[in-house]
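For reference, the structure discussed in these notes is given below.
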Amino acid sequence: MMIIMRHERRPAGGPRALPLLVALAFQGLTAAAALAAMPARADQTSPVGLWKNVNDVSGKPRALIRLTESNGVLQGKIEKVFPAPDQDPNPTCDKCEGANRDAPIVGLVILSGLSKDGDEYAGGQILDPDNGKVYRSTVRLTDNGKKLSVRGYIGVPMLGRSQTWIRQEQGRP
C-alpha cells in the first residue's frame, strides 16, 4: 500500500507563523526593557554639570559650581561653599560692585557668556568673589571630561591664571 503525502502550501503569516511572531515580539520587548533600565550616559564632551573648585594652595574644596548651557552659552553658578571654621558660613560678595555687591556667594553667577569655540568655550567672563573683580575667561575640558581648566585673564589669555575644577556629576541629559 502506498501513502501519498500532499504538501500544502500555506500563506506566510498563517497559524504556524504566530509562535515565531510572538517570540520575536517578546525579544523586542525584552531588549527595549533592558535599554530603558540602563542609566543614561551624559555627554563627557560637555562642561555642563557640577564642578568642585579647589584652593590652589591648601588643596581643600572651596565651592561647588553648577554649569548650565542655554542657547549655546555657558553659565556657572555657585551652589555650595566650604568655608573654613573661622569663616562666615554664609559669605557675601562684599568686594563686588553693582548688583552683586553684598550678594550671597551661594547663588552667585560667577561664569557667564562662554560660547563654544573649537575645543574650548571662550568669550565669556568670570567673577572672583574674593576680590570682586571680573576677568575675561575661557574653559576647556581635560582628562576625558573629568576636569575643567578654567582660565581668567586681563587682555590676552597669556596674562592670567588657570584653575582646575573637578567634575562631581554629569549634566542632566
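With mature numbering (1 follows the signal peptide of the UniProt record, and there is no 0) applied, the sequence shown corresponds to residues -36 to -1, 1 to 137, in that order. C-beta: ideal position from N, C-alpha, C; glycine also.
In the displayed model, Gly87 falls within a strand according to three-state DSSP. Asp94: not part of any beta strand (DSSP E); DSSP gives it neither H nor E.
With a threshold of 16 other beta carbon atoms within 10 Å, Pro93 meets it and is buried.
Burial check for Asn17: the Cβ neighbour count within 10 Å reaches 16 or more, so the residue is buried.
A Cβ-Cβ separation of about 7 Å places Trp129 in contact with Ile29 under the 8 Å criterion. Counting along the chain, Ser79 sits inside the beta strand (DSSP E) bounded by residues 73 to 81.
Shown here, Ala63 sits in a helix according to DSSP, grouped into three states. No Cβ-Cβ contact shorter than 9 Å links Gly87 with Thr9. In the three-state reduction of the DSSP assignment, Gly36 falls in the coil class. In this model, Pro11 and Gln51 are separated by some 30 Å (Cα to Cα).
Leu14 is bridged by DSSP to Arg30, Glu133. Between Thr102 and Pro121, the CB-CB gap stays under 9 Å. Thr9 has no beta-bridge partner at all, per DSSP. Across the structure, Leu72 and Ile90 are spaced so that their CA atoms are roughly 11 Å apart.
Secondary structure at Gly109: helix, using DSSP grouped into helix, strand and coil.
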